[in-house]
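Note sheet for the following structure.
Chains as they are written, first to last, in the working numbering: chain A, 1 to 110; chain V, 1001 to 1110.
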């Protein structure tokens, strides 16, 4: 059965203090690993899709990496506007749905 | 370009009633998925439709149903509402494996 575990559950950072969020996954055949950002009261906003171990993608202060067992979302010099819940999801080969972790709630303090 | 539109944004219903939620996907997207998001369980997959056919279904009781119309718009229905059905219901449309979410419908069952 698919499993996605995100850690930590919550993270408080000072503005400019870089850190990483972890997503460990178990899936029988990975089609893709997705990262989303969700603000309170809104739907998840797409950030990245990673397809194979070793792949990396960047967007502004965010960089996502993928290994065969986990993915990291690195946040460099975060700003208060980066505060949100970050969700990781996997899609199994042949599946038409995403299986989500429970997210990491990030707070960046000015 | 318009995003995924979900209506209504908020709903309050009484136990035992039924409810219908609507989702208009991004123009050109033929796949529509529905997810339930609760604080305890996170995002859980309900079902996915493509060209008016349900291709995949999550582990929810038969009280949860859906359909898709020829213009790709989708509806989901929950019958005999229970207090535990209170949640944010999210719709996502996809093209080429990128899933775009709407802002959701917040359903409260009292």
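By construction, the Cβ of each residue, glycine as well, lies at the ideal position given by its N, Cα and C atoms.
Around the Cβ of residue 29/A, a 10 Å sphere holds fewer than 16 other Cβ atoms; the residue is exposed. Secondary structure note for residue 38/A: its beta strand (DSSP E) is the uninterrupted segment 30-38.
Taking a beta-carbon distance threshold of 8 Å, residue 1095/V does not count as an interface residue toward chain A. Per the Cβ contact rule, the region 1088-1097 of chain V is in contact with the region 1029-1037 of chain V (3 or more Cβ pairs under 8 Å). Nearest in C-alpha terms to residue 81/A, of all of 38/A, 99/A, 95/A, 92/A, is 38/A.
Annotated three-state conformation of residue 70/A is strand, per DSSP. When Cβ-Cβ separations below 8 Å define contact, residue 10/A makes no contact with chain V. Each of 1072/V, 1073/V, 1054/V was checked against the Cα of residue 1064/V, and the nearest Cα belongs to 1054/V. Comparing alpha carbon positions, the residue from 1082/V, 1084/V, 1060/V, 1052/V closest to residue 1070/V is 1052/V. A residue is called buried once 16 or more other Cβ atoms fall within 10 Å of its Cβ, and residue 1016/V, having fewer, is exposed.
For residue 1090/V, the three-state secondary structure derived from DSSP is strand. Straight-line measurement puts the Cα of residue 100/A at about 7 Å from the Cα of residue 1044/V. Straight-line measurement puts the Cα of residue 90/A at about 9 Å from the Cα of residue 97/A. Taking C-alpha positions only, residue 1104/V is separated from residue 1002/V by approximately 15 Å. The beta-carbon of residue 1033/V is placed less than 8 Å from the nearest beta-carbon of chain A. Close CB contacts of residue 1078/V within its chain, under the 7 Å cut and outside five residues either way in sequence, are with 1018, 1019, 1063, 1064, 1085 (chain order).
In chain order, 1103, 1104 make up the part of chain V whose C-beta sits under 8 Å from the C-beta of residue 42/A.
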